[in-house]
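Chain order of the listed sequences is A and B. According to this note's numbering, the residues represented by the first sequence are 1 to 117, in order. According to this note's numbering, the residues represented by the second sequence are 1 to 114, in order. Heads up, the thing below is written out as structure tokens.
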Amino acid sequence: AQTVTQSQPEMSVQEAETVTLSCTYDTSESNYYLFWYKQPPSRQMILVIRQEAYKQQNATENRFSVNFQKAAKSFSLKISDSQLGDTAMYFCAFMKRGRGGADGLTFGKGTHLIIQP
Amino acid sequence: DTGVSQDPRHKITKRGQNVTFRCDPISEHNRLYWYRQTLGQGPEFLTYFQNEAQLEKSRLLSDRFSAERPKGSFSTLEIQRTEQGDSAMYLCASSPGHGGDTQYFGPGTRLTVL
């Protein structure tokens with residue numbers, strides 16, 4: 001079984017600052033995917049960024065980038081030039097890539113990110 | 001196409017009653033997933049379908065829970081004899097069915113069991 005750990009229950013930064021959210025995971029799988037999802041208050045979960053484990057290059061999406069360290073089983077999310085709309089719960093998630101296709105996501109407990117004006 | 005939809009958005013019921021939730025995935029998405037999210041926690045996987053076949057069920061899915069996807073389109077999740085511990089947000093997600101799928105989530109159904 002996989003586990004995902006997010007050690008920061010809450011973080012608060014000023015608008016325009018850069019913030020890094022931590023995530024570690026434990027698995028015996030070699031073929032898997034990692035995701036960061038964002039869940040704004042009372043709104044649905046949306047994908048921020050994803051990383052294929054077989055790719056060494058870190059994924060980036062505009063202001064969002066990851067630092068994927070496969071050997072250390074670490075997958076942190078960096079948000080640059082943070083904006084008020086980035087305020088949300090952020091969940092790190094793991095998905096193994098098994099025979100026949102994908103399985104369910106395993107989520108961490110989340111980090112509540114607050115962007116202060 | 002407007003994304004994954006779920007109905008109802010909120011459900012309040014009394015302990016012991018049966019409830020049923022519906023999920024309509026993004027059209028042409030072959031895979032459909034159900035998750036449960038309690039306050040302050042990340043979502044927990046319950047079950048998933050590839051077309052109409054239920055391929056995996058979590059140990060969280062007790063005998064009181066049943067899910068169907070009869071025609072490979074929408075899905076229903078039924079909880080029989082609800083308990084207060086069933087109070088949670090029930091999330092549905094769908095994905096295209098290719099390798100390395102990204103799951104797209106619906107808004108969820110918030111269940112409160114009194």
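All C-beta atoms, glycine included, are put in the ideal place defined by N, C-alpha and C. The structure presented is a predicted model; accordingly, all values stated were derived computationally and were not measured.
So does the region 12-32 of chain B actually touch the region 45-53 of chain B, counting three or more Cβ pairs closer than 8 Å? These segments touch.
Under a three-way DSSP split, which group does residue 113 of chain A fall into? By 1-based counting over the first sequence, the position of residue 113 of chain A is 113. Here residue 113 of chain A sits in strand by DSSP.
Does the ligand GDP have a heavy atom nearer than 7 Å to the CB of residue 3 of chain B? In the structure on display, the ligand GDP does not appear, and there are no ligands present to speak of.
Less than 8 Å between the C-beta atoms of residue 3 of chain B and residue 104 of chain B, yes or no? Taking the second sequence and counting its residues from 1, the one referred to as residue 3 of chain B is at position 3. Taking the second sequence and counting its residues from 1, the one referred to as residue 104 of chain B is at position 104. In contact: residue 3 of chain B and residue 104 of chain B (Cβ atoms closer than 8 Å).
Closer than 8 Å, CB to CB, is residue 25 of chain B near chain E or not? Considering every chain present, this structure includes no chain E. Its protein chains are A and B.
Taking the alpha-carbon positions, what's the residue 45 of chain B to residue 61 of chain B distance? To locate residue 45 of chain B, count along the second sequence from 1; it is residue 45. To locate residue 61 of chain B, count along the second sequence from 1; it is residue 61. So the two alpha carbons sit approximately 9 Å from each other.
Where do the ends of the beta strand (DSSP E) carrying residue 4 of chain B lie? Looking up residue 4 of chain B in the second sequence gives position 4. Counting along the chain, no beta strand (DSSP E) covers residue 4 of chain B, and no H or E run does either.
Residue 46 of chain A: buried (16+ other C-beta within 10 angstroms of its C-beta) or exposed? As a working mapping, residue 46 of chain A is identified with position 46 in the first sequence. Residue environment: residue 46 of chain A is assigned as exposed (fewer than 16 neighbouring CB atoms within 10 Å of its CB, all protein chains considered).
Return the residues of the region 47-60 of chain B that lie within a Cβ-Cβ distance of less than 9 Å from chain A, sorted by chain order. For the region 47-60 of chain B, the set of residues with a beta-carbon nearer than 9 Å to any beta-carbon of chain A comprises 47, 48, 50, 55, 56, 58, in chain order.
Residues from the region 21-49 of chain A in contact with chain B, defined by Cβ distance under 8 Å: Residues 33, 35, 37, 43, 44, 45, 46, 47.
In the DSSP assignment, the beta strand (DSSP E) including residue 64 of chain B goes from what residue to what residue? Residue mapping note: residue 64 of chain B aligns to position 64 of the second sequence, counting from 1. Here residue 64 of chain B belongs to no beta strand (DSSP E), and DSSP marks it neither H nor E.
Spell out whether any CB of chain A is found under 8 Å from the CB atom of residue 72 of chain B. Translated into positions along the second sequence, residue 72 of chain B becomes position 72. Residue 72 of chain B has a beta carbon lying at 8 Å or more from every beta carbon in chain A.
Near-chain B residues of the region 4-15 of chain A (beta-carbon distance less than 7 Å), N- to C-terminal order: Within the region 4-15 of chain A, no residue has a Cβ that lies closer than 7 Å to any Cβ of chain B.
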